[in-house]
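Numbered continuously in the working numbering, the sequence shown closes out at residue 1134.
These notes concern the structure reproduced below.
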Amino acid sequence: MALPGVLRSDMASLSSSLTSVHRPPSSGSTPSTSSRMSLSNKYSGRGVCSSQRARLVLSNKRKDGVFDSYLGLRPSRLKSSRQLKLCGQRDKKSVPGTVRCDAAKITQPDFTEMAWQAIVASPEVAKENKQQIVETEHLMKALLEQRNGLARRIFAKAGVDNTSLLQATEKFVQRQPKVIGGDTGGSMLGRDLEALIERARVIKKDYGDSFISVEHLVLAFVQDKRFGQQLFKDFQIGQKALNAATQAVRGNQKVIDQDPEGKYEALEKYGKDLTEMARQGKLDPVIGRDDEIRRCIQILSRRTKNNPCLMGEPGVGKTAISEGLAQRIVQGDVPEALMNRRLISLDMGALIAGAKYRGDFEDRLKAVLKEVKDSDGQLILFIDEIHTVVGAGATNGAMDAGNLLKPMLGRGELRCIGATTIDEYRKYIEKDPALERRFQQVYVDQPSVEDTISILRGLRERYELHHGVRISDSALVAAAVLSDRYISDRFLPDKAIDLVDEAAAKLKMEITSKPTALDEIDRAVLKFEMERLSLTHETDKAAKDRRSKLEAELEALKQKQKELTEQWEHEKSIMTRIQSIKEEVDRVSIEIQQAERDYDLNRAAELKYGSLMVLQKQLDAAEKALDEYQNSGKPLLREEVTNNDIAEIVSKWTGIPVSKLQQSEREKLLNLDVELHKRVVGQDPAVRAVADAIQRSRAGLADLNKPIASFMFMGPTGVGKTELAKALAEHLFNTDEALVRFDMSEYMEKHAVSRLIGAPPGYVGYEEGGQLTERIRRRPYSVVLFDEIEKAHTDVFNIFLQILDDGRVTDSKGRTVRFNNTIIIMTSNIGSQYILNIDTNGSAESTYEAIKNRVLEVARATFRPEFMNRIDEYIVFQPLSREQINMIVKLQLQRLQERLKDKKITIKVSDSAVQFLGSLGYDPSYGARPVKRVIQHNVENELAKGILRGEYKEDDTVFIDTKVSAVAGGQLPQQKLVFKRLSEPESTTQDVDGVALAQS
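Take a look at the structure:
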């Protein structure tokens, strides 16, 4: 049976080790009387009993009894197998020579778990050093080797280095006598250790404790003449300092159970002192948020329910407000009620971690709350993610953290600042009205772009110091503006700070790693070296010439490599010096602030006008030297983060190309109609309307809470409605992938709404989300095309009402998806019969307006007024003319040429061939769609056959022309295409880009 309070694993290891120590000698190996007498004489006067040796006996039940295991004595039975006894009296029942002492008993129930583990480990320490007597130095070593042990914390509070203390203890242990031969290490308890344990019992009673704890053993070392007094003298540990350190660790706690050490310094283990971090300058400066901090101070000054709860979206700065309050407390910029208070951030994760048994978590939390209560209002708790206290630590029949906090929160004994998001507050806190009423809500809104720029300017120095780079002001402005515009699923200032941080980290990585130019030269040198070595044993003239040429090139490369390496090392050394000076400036600035808080004005003036000014001059000189060096030639390294670096990070986050972000916004908008016409033939009113709407939106004249623009494209099939949407997506976002297309013929049923925004809870597909909302969440900058909108069910239009009006929609999971950075395009074939029957006798503008009015009348009869009223622009596409069809033929041939680039084959097309293909593909009812089929049938098929027959090979030019067939049998002459390899053109031809060729 294991000892009470000892872990099974510890008991097993202890039993196995000490059983081997106390194993009775085998037959024939019993020591003689003379040898026993020599051992007795050897250890006489070494702190053991004068009559007999004191023995540490581990009772181990066996079939044949309990071994005394002392120098070969027979086994005898003990009354209890749970005791460690001191031997000194004869046992009448045992064999002659067996000695037993009941003068002192060391039983596990008298000790705390950590103290008992140290006592149990002491014989092992003696055994490792081949020493028979277990003494005070072995106990000290066992105490100091305990991981996160209480003894180490006490000595640390007393200002002693535990590592040095352990080394001194080990040296003392190694100087003690050793037993050579045999296996009796750690089998005897020394008199000094016995006396130390008795002193610990007395100290326990003086403290009013129920168990002997580690601190009692440590305090008992003060009177240990054998080892403790000299050790404490060497390390200048006095009785008063040790008592003060013990009191600092214990606080007002009493040892009333066998695990009191886990409750000591609960706030230090499970919390973080924000005021101390602010005093040391470890917190980032808090810019703005004065109203929120003032509101928190006001609530904390109340008599009861003085607990503010910061509520806001993730990343808006809730935790920063608590840090700002800590900085104000340190600076003294708070009312008298909060002066000199400590703000402790409680780590709920650390509080719960490792609480394996029922009641462990409650004990830890009660210890924390007791420290707060005993501080008499000097401590303020900050619990980040306070919704985690609801249900935290609750097991079967146990109370959670929220219920433990309620009484103290209600009575005003605990001042607590909480922080959580609005959704989590509603989900967890509001469900417990008793807990909710004890907190006062403080809403934290997202700062504006201007406020974010101010925050970034305040943080710039910290990030420059951390990364060792400079951050330009333009980079800060770009981070705020671009993050607000392009990163819609996160909140300011967090997303802007992350942009600056990542851009600075990227630049720092480039500085510390080898520059690209130098790396390329290193690889070239390695390549030439390998080639030169391979030619070493060649004797022919060509190999010798090649080797000579390689050696010359290698010499030049090595010279260039040496120069670049020296330049890189020089630039890097200057940057490293600049960073070290900045770190020193930061350290001196913190010392100045501390001196000013302590009203040590002489010290503050000495640092401010002495050390700080000298460092500032050194910093200016180093930065000037770096600028001059980099301006004198082509620098290898950059040390300043610019707006281009920020744009590159944004492009990696959102997928928007860097080139588009760096292009002038005004230039991009002014060229919009020209760029669209490169892909869309004709349809001038439609292209102009789209460009005007986009320009209005980007000029800031449109509502920022609505989509960038919403269009209804109406017209017959094949006139360019979908092509215009693709062209718009490619120009604005530089990729066709930004076009999110939905065929509304698939949404003709009532339940199809769930496919767009997600199935409701309890239905199949709830976890998958909606097709529309998920696409926009992943890619918020897109052109959304709803093709053939008139085929959708009427309930689907209800979703469009919200998207077109407010620019947002809530999916089935309650997440808000914003469409304010999307362009909504809907296509419809309604009224196409009026467009095809167009009257071309009047002017173009009057004809277009007449057709548009007729089509809109049909649209009003089809769609509801509230839907039509939310669309920005209705655009009617006109039928394509023959000239426009010919232009589309050229565009299609140009795309064919792009596909032939891999084959390295060029095609040239005559004007007659273009007109011939256009005539074949012209059909007003079908628009431009037949053109693709005509080119595929008449051009692509013939080219494919020629390539397969080997007629057209790489670097060939294929000339496509027309030929009129001869008249035969009364038939009309027919025109057809002819293909041949171009030697010398017979007529005016043009390539697919429209460039005329010379006429033969």
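Quick reminder that beta carbons are idealized off the backbone N, C-alpha and C, glycines included.
Being a predicted model, the structure only gives us computed values, none of them experimental.
L667 counts as exposed, since fewer than 16 other C-beta atoms from the protein chains shown sit within 10 angstroms of its C-beta. Inter-residue distance for K504 and L401 is about 10 angstroms (C-alpha atoms, whole angstroms). By the neighbour-count criterion, in which 16 or more other beta carbons inside 10 Å mark a residue as buried, M643 falls on the exposed side. Note on H350: 16 or more other CB atoms within 10 angstroms of its CB, so buried under the neighbour-count rule.
Around the beta carbon of N932, a 10 Å sphere encloses fewer than 16 other beta carbons of the protein chains shown; the residue is thus reported as exposed.
Out of F1011, S962, M1002, the CA that lies nearest to the CA of A984 is found in F1011.
Taking a cut-off of 8 angstroms on C-beta distances, the region 872-883 touches the region 915-935, as three or more cross pairs fall below it.
Under the three-state reduction of DSSP, R913 is assigned to coil, being neither helix nor strand.
One thing to note: T586 has its Cβ no nearer than 8 angstroms to the Cβ of A535. About 11 angstroms separates the CB atoms of A489 and Y404; that is not less than 8 angstroms, and the two are not in contact.
By the Cβ criterion, the region 758-775 is not in contact with the region 727-746, since fewer than three pairs of Cβ atoms, one from each stretch, lie closer than 8 angstroms. Straight-line spacing of the CA atoms in T522 and F1001 works out to 44 angstroms.
Ranked by Cα distance from L273, the options D326, A823, L669 are led by D326.
A contact between stretches requires three or more CB pairs, one per stretch, nearer than 8 angstroms, and the region 299-306 fails this requirement with the region 376-391. Ranked by how close their Cα comes to the Cα of P1013, the residues C443, V307, D1057 have D1057 in first place. One alpha carbon belongs to F516, the other to N954, and they sit about 37 angstroms apart. Per DSSP, the continuous beta strand (DSSP E) segment holding K1114 begins and ends at 1109-1115. Under a 10 Å Cβ-count criterion, I314 is classified as exposed, with fewer than 16 other Cβ atoms of the shown protein chains found around its own Cβ. If you look at I478, you'll find it in the beta strand (DSSP E) that goes 476-480. In this structure I514 does not touch R572 by the C-beta definition: roughly 15 angstroms separates them, more than the 8 angstroms allowed. At a cut-off of 4 residues, the continuous stretches assigned as alpha helix (DSSP H) that sit fully inside the region 644-723 are 650-668.
When the beta-carbon positions are compared, A651 and V603 stay at least 8 angstroms from each other. For M248, the enclosing alpha helix (DSSP H) stretches over residues 247-262. Around the beta-carbon of T646, fewer than 16 other beta-carbon atoms lie within 10 Å, marking it exposed. Here the alpha carbon of A886 sits roughly 51 angstroms from the alpha carbon of V1092. With respect to the C-alpha of D818, the residue from L1082, E864, K855 having the closest C-alpha is K855. Between the alpha carbons of P448 and A612 lies a distance of about 22 angstroms.
Using a Cβ-Cβ distance cut-off of 8 angstroms, the region 658-675 and the region 772-785 are not in contact, since fewer than three pairs of beta carbons, one from each stretch, lie closer than that value. Judged by DSSP secondary structure, F845 falls within the beta strand (DSSP E) whose first and last residues are 843-848. In this structure, the straight-line span from the alpha carbon of G904 to that of G948 is close to 12 angstroms. Taking a C-beta distance under 8 angstroms as the contact criterion, V1112 and D1095 qualify as a contact pair.
With respect to M846, Y1008 sits close: the two C-beta atoms are nearer than 8 angstroms. Assignment of V814 by DSSP, reduced to helix, strand and coil, places it in the coil class. Judged by DSSP secondary structure, Y1008 falls within the beta strand (DSSP E) whose first and last residues are 1007-1010. The three-state secondary structure of Y577, taken from DSSP, is strand.
With contacts defined as CB atoms closer than 8 angstroms, G446 and D579 qualify as a contacting pair.
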